[in-house]
Structures are given as structure tokens and as C-alpha cells.
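The structure appears right after this line, and notes come after that.
There are 2 protein chains.
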Amino acid sequence: MDEKDYLNQMIEAGGKDAELTPKQAKILEAAIEIFAERGYASTSTSEIAKKAGVAEGTIFRHYKTKKELLITIVKPVITKFAVPFFATHFVNQVFNEKTADYEELLRKIIRNRFEFAQKNVPLIKILLQEMAFHTEIQQSYQDVFKKEVFPRFDETIKHFQARGQLVNYPSEAIIRFTITTILGFLITRFIVMPKADWNDEAEINRTIHFLMNGLSKGNEERL
Amino acid sequence: MDEKDYLNQMIEAGGKDAELTPKQAKILEAAIEIFAERGYASTSTSEIAKKAGVAEGTIFRHYKTKKELLITIVKPVITKFAVPFFATHFVNQVFNEKTADYEELLRKIIRNRFEFAQKNVPLIKILLQEMAFHTEIQQSYQDVFKKEVFPRFDETIKHFQARGQLVNYPSEAIIRFTITTILGFLITRFIVMPKADWNDEAEINRTIHFLMNGLSKGNEERL
DNA sequence: AATAATAGTGAGTACTCACTCACCATTAAA
DNA sequence: TTTAATGGTGAGTGAGTACTCACTATTATT
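Next comes the structure, spelled out in C-alpha cells:
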């Protein structure tokens, strides 16, 4: 319903002062909705035009190809979803505050990403589906993950390991468990079983709790 | 390379003594490979025919529609992947052996599903991709999960909770964490980063270890 | 007021798609 | 040997497909 969220992302990421005309916005809205529902490959440009209340030619005035339309939609999602996973803001906070612990960090990340996911279900669906088939999307994802997310995450985990708060797994493993658990929760919550009646507060707390038990120093058994 | 695994599944599940002719087998092999690579919607029947070394008409001699071909391929995967997740054999073992604990069960399940995933990467890719768009697949999955997997899993978890081995989360949450962690590992291992150099033994052990720490009674903090 | 740039149009184009069908080949039953 | 059933063929079909282009409408610049 609240499509503005999508479009603001486009504008910001689309380079400087890119202002969308009403019809351009309609095209993006329509494309997002149908791509999420039926998938990119089985969505026709005529269908998008029809839903957007626009002539088919108008789509190609703004996007050279159907694929360019997809990329325009998907690329900003990668940045917006992945980067705040470990934004500078958080990391700085961790290293400055002496009281900060991994649990606190987890709580902030999960809350943050929960709200993002809630507002952008269709976009996340498209990203998950189309990542498998388009090398441009894979590339974009790898760039963001390798350059933005992984280094900061790695640093943070080693910080907490040095303080004896986290188990001595390789930091890649801790990153994997953390991301896997959070994504697993969000995907179950918003994509696999969105209609179940969730107690979100309780579920978020349990997820943090589970992660902390799994990753805390002191709970280790052997190797 | 070892395509026989796929085809045996088809035969067994395809009803009684369904014997595939060489050309039929070639069609399935080709379809599985291309579906996994490019996705169902962007795979043409002419492409499948060409790769299988068969006339296009031959496909439609055996499958009324392109979609029927997809369903024939995907349906057995759901059963084969989901059911042994909690096969009777395992569950019986758990209730009979007094020494059995959740860790032992986890170890069996993970080993088992790891080998299955290893042998059936393309089929799992197709299932993950197409589940989102085809209600027949969703239905099939829900049937299997609700009737076969969930009840046994639920029972087992309550059994271990009663014995004080598992944390007192709702059993749905324990199921979710367990499946999420295992699937997260398998998907990372075989689909997202299949080319990284994995130490599979160590990674399997760590995954079990992480899950046990996260779910064991005694590690609880509050709530 | 004249010019130019941008947004929007929709009929048209070349092509691909899933699917059909009349026909041949091989084996099995009568 | 005839009949029937099944497997296999590939040219043909109509319904789309992404994309183009000559054109109009609107706004901004000179």
C-alpha cells in the first residue's frame, strides 16, 4: 500500500536529482507489484503498461530494455538492505561505548531489518527470486557484501572474541549463523508464513536469545 | 554428472512400474539442467528438446504441458527432501533408545540431508525458485510438511523438553530454528557459495554445536 | 513568439513461444 | 499376417513477445 518507500529509494539511488514523473512512478509501482507476484520472466511489458495506465512505448522511453527496468528496481534494494546490516553508525557505537555487547548490537540490527522487511516485502521477493538468474544482480550483491558488510562485521566479531564474549569459531562461521538466523526469521515471518499470527516482540527476543546462547563464550562443549 | 539419482526418484514416485525410455530420460535430464540454470519461465521447450536430442513433439507426447513437465520433476523432490527430515525410522529410534538425545538426532538428520543436497543441487535450485510461483508446488509442500514433518517433529521436541534437554520455547520456534539453521547451512554450502573451500566435517560439527548451545536447557537467561 | 527538449503515444515489426497433428517405425497382441 | 498400441517426428499455427518509430503534447529556454 505504501509504495512511496520504494520510490524514494529509486530517486535517491538513481543519481542526484532524478525526479520521477507521475507516469514513471506508476510504471515502477506496477512493475514491482507484478514482478513480485509472477516473476520477472513471466511478466510482459504490455502487462506492466496496462496496470500502470500507460502506453507500452512509455516504458521504453525511460528504460532501454525490460531488464534495465528490473535492475533499476533491484539494485537499490541490495544497498538499502545490506548496508545498514552493518552501517558505520552501529560499528562506531560498538567500539566507543564500553558497555556495548554483541546482544545489544544484534537487537539493533534485527529491529532495524525487521522494519525494513515489513515495508518492502515485494522488493525483497523480487531480489530473492531474480538474484539466481541475473549476473548483474549477483555482482552488485557481492560488491556490497565484500566491501561494506563483511569487513565491518568481521572486525566487530573479532573485537568481541578478544573480549571473551563470543565463542572462538572462525568469524565467517559466526557471521553465517547470525545472518542465516536473522534472514531465516524474516523470510519465515514475511514470505513463507506471513499470515500466521505472530507475536513479533516475543519472536524477536527469542531469536536474539537463541543466537546469543549459540554464540556466547562459556557455552562451548568441545572443539 | 550423476543424473541417475534424479531419475530413480521420478520412477519411484511416478507410479508403480513407470519405466522411462531413453528419450524420456534424456528429456528429464535436459529439463532439470536448464530449469535449474535459467529458470522455468525462461526455458523454452524447443531448447529442452534440442539439448535432449529429441523432437519438440516428443516432449508433448509424454507431458501434456510444459508445466506438467515441471511438476513431474519437482513433486518427488519435496517428498524426498522433506520426509526423511523426520522419517519414522528416526523417530522410533529416539523413543526406544534411552541414551538418545537431540544432538544425536540432529547429527543424523544433518548428515542425511547433506548427502541428499550434495547429490541433488539442480533439483533443489528448481524447487526453491519455482515454489514461489506455482500453487501446485506450494500445496504439495504444505501437505507434506503439515502431515509428515511437523507432527513428528513436534512430538519429538516435546519429548526432549519433558526430559529437560531442550529449552522451553514453543516447539514451533525450536522447529523453526532447527530447520532455518540446517537449511541456511545447506543453501550457503551448495547454492550461495559452492566454490568456497569448505571443511565439511568441521562445518557440520559447528552447526550441530551452535544449534545445541542455542537450544539446550540450562543455557537460558531470562524469559 | 520561436525553438528545442522532454514526455507520452500506439500501431507496427520481426520473432519466439507452447502446443498440434498427420504421418512413420517398432513392438505386442489377436 | 493383420491390428493395435505406443513412441517418435517436425513442419505448421496462432497467440503472444520485447522493442521501434514516426508522431503529438507539454513544458522550458532563448
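These protein sequence lines are chains A and B, in that order. Note that our numbering has the first sequence beginning at 1, numbered continuously upward. Note that our numbering has the second sequence beginning at 1001, numbered continuously upward. Even glycine gets a Cβ: it sits at the ideal position worked out from N, Cα and C.
Asked, Found
"Whole runs of the alpha helix (DSSP H) within the segment 1024–1103 of chain B, excluding any shorter than 4 residues", "1045–1052, 1056–1062, 1066–1082, 1088–1096"
"Simplified DSSP assignment, three categories, for B:Leu1123", "helix"
"Near-chain B residues of the segment 132–162 of chain A - C-beta to any C-beta below 8 Å", "Ala132, Phe133"
"Test: B:Arg1113 CB closer than 8 Å to a CB of chain A", "no"
"Beta-carbon spacing of A:Ile27, A:Ile59 below 8 Å", "yes"
"Close-in-space but distant-in-sequence residues of the same chain around A:Ser216 (CB under 6 Å, 5 per side omitted)", "none"
"Cβ of A:Arg176 within 8 Å of any chain B Cβ", "yes"
"Meets three-Cβ-pair contact criterion under 8 Å: the segment 1123–1132 of chain B and the segment 1022–1040 of chain B", "yes"
"Cβ-Cβ distance between B:Ile1073 and B:Ile1032 below 8 Å", "yes"
"Given B:Phe1190 as reference, the closest of B:Lys1158, B:Lys1050, B:Ala1173, B:Arg1113 once Cα atoms are compared", "B:Arg1113"
"Minimum length 3: unbroken beta strand (DSSP E) runs contained in the segment 161–221 of chain A", "none"
"Contact check, A:Ile175 vs A:Ile157, beta carbons under 8 Å", "yes"
"Alpha-carbon spacing of B:Gln1142 relative to B:Ile1110, whole angstroms", "22 Å"
"Closer than 8 Å at the beta carbon, the chain B residues around A:Leu211", "Gly1214"
"Under 8 Å between C-beta atoms of B:Ala1049 and B:Ala1055", "yes"
"Close-in-space but distant-in-sequence residues of the same chain around B:Glu1136 (CB under 7 Å, 5 per side omitted)", "Ile1071"
"Per-residue contacts from B:Ala1041 into chain A (C-beta, under 7 Å)", "Gly39, Ala41, Ser42"
"Which of helix, strand or coil DSSP assigns to B:Phe1133", "coil"
"Beta-carbon neighbours of A:Ala173, restricted to chain B and to distances below 7 Å", "Arg1206"
"Cα-Cα separation, A:Glu3 to A:Ser46", "Residue confidence for A:Glu3 is low, a pLDDT of 48 falling below 50, so the modelled location carries little weight and cannot support an answer."
"C-beta atoms of B:Leu1186 and B:Leu1106 nearer than 8 Å", "no"
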